[in-house]
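Have a look at the structure below before the remarks.
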Amino acid sequence: MLSQVVELIETRRDFAITTHIKPDGDGVGSSLGLCWLLRSLGKNAEVIVHGEVPPAYRSLPGADAIREVTAVDGKYDAIFVIECSDIGRPGIAGLEREFTVNIDHHATSEHFGTINWIDSTASAVGEMIYNLCKAIGGRITKEIAECVYLALVTDTGSFHFPNTSDRTLKVASELIKAGAKPAKIGEAVYANYPWSRIELMRQVLDTVKRDETGRIASLRQTIAMKEAAGAVDGDNNGFVNIPLAAKEVLASVYMREVGADRYRVSLRSKGDVNVARVAEMFGGGGH
Numbered sequence: 014m015l016s017q018v019v020e021l022i023e024t025r026r027d028f029a030i031t032t033h034i035k036p037d038g039d040g041v042g043s044s045l046g047l048c049w050l051l052r053s054l055g056k057n058a059e060v061i062v063h064g065e066v067p068p069a070y071r072s073l074p075g076a077d078a079i080r081e082v083t084a085v086d087g088k089y090d091a092i093f094v095i096e097c098s099d100i101g102r103p104g105i106a107g108l109e110r111e112f113t114v115n116i117d118h119h120a121t122s123e124h125f126g127t128i129n130w131i132d133s134t135a136s137a138v139g140e141m142i143y144n145l146c147k148a149i150g151g152r153i154t155k156e157i158a159e160c161v162y163l164a165l166v167t168d169t170g171s172f173h174f175p176n177t178s179d180r181t182l183k184v185a186s187e188l189i190k191a192g193a194k195p196a197k198i199g200e201a202v203y204a205n206y207p208w209s210r211i212e213l214m215r216q217v218l219d220t221v222k223r224d225e226t227g228r229i230a231s232l233r234q235t236i237a238m239k240e241a242a243g244a245v246d247g248d249n250n251g252f253v254n255i256p257l258a259a260k261e262v263l264a265s266v267y268m269r270e271v272g273a274d275r276y277r278v279s280l281r282s283k284g285d286v287n288v289a290r291v292a293e294m295f296g297g298g299g300h
C-alpha cells in the first residue's frame, strides 16, 4: 500500500530500483523518476537492470547512470521492483532474498514483494510514482517530470489506449507544467530508432496472417530475421500493435523465437476483447 511505501522511504536510506528485462518506457521512466524522487529526499538511490536500456529511453535524465547487474548481495535497505508480474522478471539473482517493494499497475501481479503496492486503476506505474511524490510531500522536478511523462506516453499509446483516464491527463498536464517537453520526448520515443528496426519490421510484416474470422492477426519473428537485420533487443518494441491498426482486427499475437522450438508470445487487443485472460491461462499477464 502507498502508506507503507511512504513510511519505508521515510525510515530507510539506501535504495535500488529495478524493472523487468527488456524494459519498456514505463519500466525505465518510472524507475528513473522514482530514483530522482528518492535523491531529492536525501536518499541514496540507483537504478539497476539486467541488460541494456533500449535506445529510445537513453536520453532520459539519469539513464546514462543506470547500472547493469546480474545479482544483488544485500547492500540495500530495500529494492523497488517496478512493473514486474513476479520476482523472476528482472532476471537478477538474489532478489528473492532482499526486502522488496513491488510496484505495479497490472492486476495479474503475484504480490511477491515484502511490500506490495498494486493499483490496477493506474494507467502506468509512472502515474503511481507521481502519486507517491505527492503523498510524500516531494517536488516534481524537471527530471522527475520528463521520466514520468515518458512512462505515461509509452504505456498509454500516446494517451489513446483504454487505460487512459481523466486522471492520467491531469497528471500529464502537471508534468508538462513541471518541465516535461512533449515534442522532445515524443521524438526520442518514436523517431529515434536505428535502421535495423525498419529492416526487422519489414521481415516481420511479411509473416502477418489473419484467422478465418479476420479478427485475429499474428506475426512471427525468428532469430534469423533478427540477425539478418542486425537488430538488438528493443528494436521490435510495439510490433505486436501493428495489426490492430486494421479496423477488422480485434486481437494480435506476436511470436518471437528465443531458442530452438522456444517462442515468447505477446498478446494485444482492442475494444472489449480481453487477451489478459488468455495470457493468464499460460502463466502470463502484465510483464
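Numbering (our numbering), first residue to last: 14 to 300.
Where is the CB? At the ideal position from N, CA and C, for every residue including glycine.
Cβ-Cβ distance between residue i and residue j below 8 Å
i, j, result
"residue 185", "residue 162", "yes"
"residue 151", "residue 53", "yes"
"residue 213", "residue 246", "no"
"residue 39", "residue 220", "no"
"residue 331", "residue 92", "There is simply no residue 331 to check, as the chain begins at 14 and stops at 300 in what is shown."
"residue 75", "residue 48", "yes"
"residue 149", "residue 236", "no"
"residue 94", "residue 181", "no"
"residue 232", "residue 206", "no"
"residue 85", "residue 51", "no"
"residue 153", "residue 146", "yes"
Residue i versus residue j: straight-line alpha-carbon distance, rounded
i, j, result
"residue 120", "residue 135", "10 Å"
"residue 77", "residue 71", "7 Å"
"residue 20", "residue 26", "12 Å"
"residue 170", "residue 209", "22 Å"
"residue 178", "residue 196", "21 Å"
"residue 216", "residue 234", "8 Å"
"residue 143", "residue 132", "13 Å"
"residue 138", "residue 274", "34 Å"
"residue 57", "residue 284", "44 Å"
"residue 199", "residue 164", "11 Å"
"residue 29", "residue 79", "10 Å"
"residue 183", "residue 272", "44 Å"
"residue 269", "residue 37", "16 Å"
"residue 259", "residue 116", "34 Å"
"residue 297", "residue 24", "35 Å"
"residue 59", "residue 89", "10 Å"
"residue 55", "residue 118", "27 Å"
"residue 291", "residue 125", "22 Å"
"residue 261", "residue 174", "17 Å"
"residue 41", "residue 176", "19 Å"
6 Å Cβ shell around residue i - same chain, five flanking residues per side excluded
i, result
"residue 128", "17 and 114"
"residue 286", "263 and 264"
"residue 223", "230"
"residue 158", "188, 191, 192 and 193"
Buried versus exposed, by CB contacts within 10 Å (16 or more), residue i
i, result
"residue 140", "buried"
"residue 240", "exposed"
"residue 218", "exposed"
"residue 46", "buried"
"residue 211", "exposed"
"residue 295", "exposed"
"residue 35", "buried"
"residue 67", "buried"
Nonlocal neighbours in the same chain, by C-beta distance under 7 Å from residue i, ignoring five residues either side
i, result
"residue 288", "264, 280, 281 and 282"
"residue 155", "191 and 192"
"residue 14", "130"
"residue 201", "69 and 72"
"residue 243", "209"
"residue 257", "265, 281 and 283"
"residue 276", "268, 269 and 270"
Close-in-space but distant-in-sequence residues of the same chain around residue i (CB under 8 Å, 5 per side omitted)
i, result
"residue 81", "61, 62, 63, 64 and 65"
"residue 83", "63, 104, 105 and 106"
"residue 172", "165, 166, 181, 182 and 185"
Practice item. Say whether the stretch 87–100 touches the stretch 226–236, bearing in mind that this needs 3 or more beta-carbon pairs closer than 8 Å, one atom from each stretch. Key: No: fewer than three Cβ pairs fall under 8 Å.
Check your understanding: Pairing CB atoms from the stretch 273–290 with CB atoms from the stretch 248–262, are three or more of them under 8 Å?
Key -> Short answer: they touch.
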